[in-house]
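Numbered per my numbering, the sequence shown spans residues 283 to 340.
Worksheet: the structure to be examined is printed underneath.
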Amino acid sequence: MSEHLGANLKLLCSHYRSISEVCRQLAINRAQFNKYLSGQSQPTPYNRKRIGDFFGVE
Numbered sequence: 283m284s285e286h287l288g289a290n291l292k293l294l295c296s297h298y299r300s301i302s303e304v305c306r307q308l309a310i311n312r313a314q315f316n317k318y319l320s321g322q323s324q325p326t327p328y329n330r331k332r333i334g335d336f337f338g339v340e
């Protein structure tokens, strides 16, 4: 995951009903996830792995 993280996450989330649904399934705070989407913050290595596993990407 790199500088394209936000755009990639938005694309992956588009396959779900809502971003809130994704956040619930990942058990990640929606406000924090919004920071990932906007590029304001990068996920920790632990959350990066969880997000990758959830979406089936490395």
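Idealized CB from N, CA, C, for every residue including glycine.
All figures in this text were calculated on a predicted structure; none of them were measured in a lab.
Item: Consult DSSP for Met283 and reduce its assignment to one of helix, strand or coil.; Value: Note on Met283: pLDDT 47, under 50, position unreliable in the model; the coordinate value appears next. Three-state result, Met283: coil.
Item: Please report how far the alpha carbon of Leu287 lies from the alpha carbon of Tyr318, in whole angstroms.; Value: 7 Å
Item: Which residue comes first and which comes last in the alpha helix (DSSP H) that contains Asn329?; Value: 327–337
Item: Which term fits Asn291, buried or exposed, when burial requires 16 or more other beta carbons within 10 angstroms of its beta carbon?; Value: Sequence inspection shows Leu at residue 291; the Asn mentioned does not correspond to that position. Buried: at least 16 other Cβ atoms inside 10 Å.
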